[in-house]
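Each residue of the sequence shown is one higher than the last, beginning at -19 in the working numbering. The structure under discussion appears below in the form of structure tokens.
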Amino acid sequence: MEGVTVTGAEEDAGGRLAVWARISRPAVCPWCGTVSGRVHEYVTTRPRDVRYGSRAVDLFLEKRRLVCGNGGCPRGTFTEWAPQVPPRCRITRRLLEHCGDEVAERGITPAGSARHNGVSWPSAHGAFAKKADTLLGEDPEPAAHLGIDEHRRGRARWRRDEQTGEYTLLADRWHTCCYDLSGDQGMLGQVEGRTADDAAYWLAGATQDWRDAVTVVAIDMCTIYQSAVQRMLPGAKIAVDLFHVVQLAVKTVAGVRRRAIRELYGRRGKAGDPEYGIKHLLEKNLEDLSGEQFGKIIGTLDATGPGQHVALAWIGKEKLRHTLNLRARVSGSVPCERQVRHRLFPSTTGAPRTRRSPS
Ligand SMILES: [Zn+2]
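See below:
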């Protein structure tokens, strides 16, 4: 460390290192700038320092308390210091930087870093926050395609009002995250909560120019984020992530299957029901099913009327997936409406556009 000289070191039986050191730079009065050599007293401090290899280090740093030689200076005495061990420090700067790097660069939790380095959680977290602040101060680059999605983080925390007995939410377990989908910036921001106001709040923090640059926003299939986008980014097109579309189709098949079981047996499904046995097979993609598994699905669902309803929902899900494979990323070209209709309704001439009269 600059301005610090090691005067001795000793290893105990357990491999722990004790290191003695002193400040080796001229002692300058912080008030008047006079260099002093008049020692008032010696003090030994114990700042926490980085490990030496894998071994923990006990640092004994001797500091001199000096009398300012300038008779007119009101300071009286002062303690010498070095950049890594500024006045009143209990942790060397390099150890704090190390803790900040562990959390920011290596994904170690503040608690894990604190434990390993022998510092308190607030110190490790503070070091990380200081490092993060330098990055978070910068505005994000424009993102033409923005993704907004919810993210579950930890547990909700509540506080109970002693008087009324009512609970107030202190920390929401759900957060809203914004992502740069077209560029390489990754996650742009995260706010607590998942209401339209929470999403709008983050968007409101961006500059008007930044908001104007967003052309497409991808969201899940709920109307909450939709209303936030319509409010804050009125010029942007709303797209739904494919994952959410397919997820909804899979959930629908499961819903129809549960209803069919209730119709057939008058109760919830349980192990032993043929329809319950194909529960996970129905969630799989058609192309991932073996011939035997496919036969099991058909054999089970074709046997009863309610089962045939499940089969229809399942075929619908697979047709939807087949149609989604027309997207340019898979097929190499942008599909036209006719191609989409053909995949959804291959046996007819097109989608039934109007409801025909029974005649
Ligand atoms: Zn002085």
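Even glycine gets a Cβ: it sits at the ideal position worked out from N, Cα and C.
Checklist entry - Is TRP61 near ligand 1, going by C-beta to nearest heavy atom under 6 Å? => result No, since every heavy atom of ligand 1 falls outside the 6 Å radius drawn around the Cβ of TRP61.
Next on the checklist: Pop quiz: GLY185 and ALA123 are said to be a contact at Cβ under 8 Å. What is the actual Cβ separation, rounded to whole angstroms?
Outcome noted: In fact, because the Cβ distance is near 14 Å, the residues do not count as touching under 8 Å.
Next on the checklist: Quick check: is any heavy atom of ligand 1 less than 6 Å from the C-beta of ARG55?
Outcome noted: Answer for ARG55: yes, Cβ within range of ligand 1.
Item to check | Endpoints, the alpha helix (DSSP H) within which CYS48 is located | outcome: CYS48 -> no alpha helix (DSSP H), and no H or E assigned at all.
Checklist entry - Alpha carbon to alpha carbon, how far is LEU262 from SER103? => result Put simply, the backbone Cα of LEU262 is about 51 Å away from that of SER103.
Next on the checklist: What I want to know is whether the C-beta of THR14 ends up closer than 6 Å to one or more non-hydrogen atoms of ligand 3.
Outcome noted: No copy of ligand 3 occurs in the structure displayed; its ligands are ligand 1 alone.
Item to check | Three-state class that DSSP yields for GLY296 in the structure shown | outcome: In the displayed model, GLY296 falls within a helix according to three-state DSSP.
Item to check | Nearest-angstrom Cβ-Cβ length linking SER16 and VAL(-16), presumed shorter than 8 Å | outcome: Actually they do not touch by this definition, with Cβ atoms about 19 Å apart.
Checklist entry - Relative to the C-alpha of TRP11, which residue among ARG55, TRP0, GLU255 and ILE204 is closest? => result Checking every option, the nearest Cα to that of TRP11 belongs to ARG55.
Item to check | DSSP three-state assignment for CYS202, whether helix, strand or coil | outcome: In the three-state reduction of the DSSP assignment, CYS202 falls in the coil class.
Next on the checklist: Using 7 Å as the threshold, is the C-beta distance between LYS111 and ALA94 below it?
Outcome noted: No. Outside cutoff.
Checklist entry - If VAL47 sits next to ARG18, beta carbons under 8 Å apart, how far is it from one beta carbon to the other, in whole angstroms? => result Indeed, because the Cβ distance is near 4 Å, the residues count as touching under 8 Å.
Checklist entry - DSSP on ARG301, reduced to helix/strand/coil? => result In the three-state scheme derived from DSSP, where H, G and I count as helix and E and B as strand, ARG301 is classed as helix.
Item to check | Reference THR280, options GLU255, ARG44 and ASP38, closest by Cα | outcome: Closest in C-alpha terms to THR280, from the list GLU255, ARG44 and ASP38, comes GLU255.
Next on the checklist: For the alpha helix (DSSP H) containing VAL99, name the first residue and the last one.
Outcome noted: VAL99 -> no alpha helix (DSSP H), and no H or E assigned at all.
Item to check | ligand 1 heavy atom lying under 6 Å from the CB of ASN97 | outcome: Not a single heavy atom of ligand 1 lies less than 6 Å from the C-beta of ASN97.
Checklist entry - If you measure from the CB of ILE79, is any heavy atom of ligand 1 nearer than 6 Å? => result Sequence inspection shows Cys at residue 79; the Ile mentioned does not correspond to that position. Incorrect: CYS79 has no Cβ contact closer than 6 Å to ligand 1.
Checklist entry - Between the Cα of ALA136 and the Cα atoms of LEU149, GLY80, ASP160 and HIS289, which residue gives the shortest distance? => result Out of LEU149, GLY80, ASP160 and HIS289, LEU149 has the C-alpha closest to the C-alpha of ALA136.
Checklist entry - Straight-line CA distance for VAL369 to ARG301? => result Nothing in the structure corresponds to residue 369, since the chain is present only between -19 and 339.
Next on the checklist: Just list the residues that DSSP pairs GLU21 with in beta bridges.
Outcome noted: Bridge partners of GLU21: ARG45.
Checklist entry - In three-state DSSP terms, what is LYS110? => result Correct three-state label for LYS110: helix.
Checklist entry - Which value, in whole angstroms, describes the spacing of the CA atoms of LEU115 and GLN165? => result Going by the C-alpha atoms only, they are around 12 Å apart.
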